[in-house]
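As numbered in numbering that gives the first Met the number 0, residues 0 to 192 make up the sequence shown, in order. Think of the CB as a built atom: it goes at the ideal place given N, C-alpha and C, for glycine as much as any other residue. For reference, the structure discussed in these notes is given below.
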Amino acid sequence: MSQRCRGMTLIELLVALTVMSLLAVMAWRGSFQAIAGEQRLAAELDRWQALERTLELIEQDLQALVSPDSRRHPGLAACLEARSTDRLPEPASRPGSELRLLVLAPDGGIRRVAWRQVDERVEWLRWPLDDGAATAQRDVVLDGVRSLSWRYLADGRYIGCWPNAANDRLPAAVALTLEVEGIGRIERLYALR
Numbered sequence: 000m001s002q003r004c005r006g007m008t009l010i011e012l013l014v015a016l017t018v019m020s021l022l023a024v025m026a027w028r029g030s031f032q033a034i035a036g037e038q039r040l041a042a043e044l045d046r047w048q049a050l051e052r053t054l055e056l057i058e059q060d061l062q063a064l065v066s067p068d069s070r071r072h073p074g075l076a077a078c079l080e081a082r083s084t085d086r087l088p089e090p091a092s093r094p095g096s097e098l099r100l101l102v103l104a105p106d107g108g109i110r111r112v113a114w115r116q117v118d119e120r121v122e123w124l125r126w127p128l129d130d131g132a133a134t135a136q137r138d139v140v141l142d143g144v145r146s147l148s149w150r151y152l153a154d155g156r157y158i159g160c161w162p163n164a165a166n167d168r169l170p171a172a173v174a175l176t177l178e179v180e181g182i183g184r185i186e187r188l189y190a191l192r
């Protein structure tokens, strides 16, 4: 009696190929979804880091604010001033507010700093105090901002503009409200004294 070599039949081979194909498709979809999820998480992390960095920079500028009685330059503008962006030389496409500050520079001098919303971006402007003709160094620090507003705590109540005619000193605190797309409303209170 002769022994036949037993191998795989064509049907068994087709079933094996089909099963392997299904496993490969499921593995590919799983890998693709994991990569897409990782990219979404990385983008979200970048967004939160930009928000954190913006809030840190604002806090640093407010902590370095020149006190009104320490100004040594005659005719120096207010050390904290809020303006509407519709009155700026380069109008924003959306009305908002700009916060201008006089802060101590890292080199020991005084520099002008401004924070403002232009379109859906927060800009940080810096220029030297003594050079009135200098162009501001401008950096976009946050995108996707729906609104940016400032309020000032003075005499136990919040007011919407500064300097206030009743006060020539700094407010007790500055309140920042940011509405950021995909994050929501952020409120921060920075104590000044």
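Could you tell me which of the options sits nearest to residue i, measuring between CA atoms?
{"i": "L128", "options": "T176, L100, I158", "result": "L100"}
{"i": "E97", "options": "L12, M25, G108, R115", "result": "R115"}
{"i": "E51", "options": "W149, V121, Q38", "result": "V121"}
{"i": "Q62", "options": "C160, L103, A42", "result": "L103"}
{"i": "D154", "options": "C160, S146, P162, P170", "result": "P170"}
{"i": "V112", "options": "C160, E43, D60", "result": "D60"}
{"i": "L64", "options": "C78, W47, L54", "result": "C78"}
{"i": "L147", "options": "L54, R137, T8", "result": "L54"}
Where residue i and residue j are concerned, what is the direct C-alpha to C-alpha distance, given to the nearest angstrom?
{"i": "G183", "j": "T17", "result": "48 angstroms"}
{"i": "I185", "j": "V179", "result": "8 angstroms"}
{"i": "G6", "j": "A15", "result": "14 angstroms"}
{"i": "L235", "j": "D45", "result": "The structure shown does not extend to residue 235, since the chain spans only 0 to 192, so no value can be given for it."}
{"i": "L13", "j": "S30", "result": "25 angstroms"}
{"i": "A174", "j": "E37", "result": "35 angstroms"}
{"i": "T134", "j": "W126", "result": "7 angstroms"}
{"i": "M25", "j": "E11", "result": "21 angstroms"}
{"i": "E80", "j": "R168", "result": "12 angstroms"}
{"i": "W27", "j": "R39", "result": "18 angstroms"}
{"i": "W161", "j": "S66", "result": "15 angstroms"}
For the alpha helix (DSSP H) containing residue i, list its first residue and its last residue.
{"i": "A133", "result": "Looking at the DSSP string, A133 is not in any alpha helix (DSSP H), and its letter there is neither H nor E."}
{"i": "W47", "result": "9 to 62"}
Assign residue i to one of three DSSP states: helix, strand, or coil.
{"i": "L177", "result": "strand"}
{"i": "R145", "result": "strand"}
{"i": "L169", "result": "coil"}
{"i": "P127", "result": "strand"}
{"i": "W114", "result": "strand"}
{"i": "R5", "result": "coil"}
{"i": "E122", "result": "strand"}
{"i": "V65", "result": "coil"}
Provide the residue span of the beta strand (DSSP E) that contains residue i, from first to last.
{"i": "S96", "result": "96 to 103"}
{"i": "G107", "result": "Here G107 belongs to no beta strand (DSSP E), and DSSP marks it neither H nor E."}
{"i": "G183", "result": "183 to 190"}
Can you name, in chain order, every residue of its own chain whose Cβ lies under 7 angstroms from the Cβ of residue i, other than the five neighbours on each side?
{"i": "L56", "result": "W123, V140"}
With a threshold of 7 angstroms between beta-carbons, can residue i be considered close to chain D, or not?
{"i": "L16", "result": "Considering every chain present, this structure includes no chain D. It has just one protein chain."}
Within the same chain, show all residues whose beta-carbon is closer than 8 angstroms to that of residue i, passing over the 5 residues directly before and after it, in chain order.
{"i": "A172", "result": "Y151, L152, L188, Y189, A190, L191"}
{"i": "A33", "result": "none"}
{"i": "V194", "result": "Missing from the structure shown is residue 194; the chain here goes from 0 to 192 and no further."}
Under 6 angstroms Cβ to Cβ from residue i, same chain only, skipping five residues before and after it: list those, please.
{"i": "D142", "result": "R120"}
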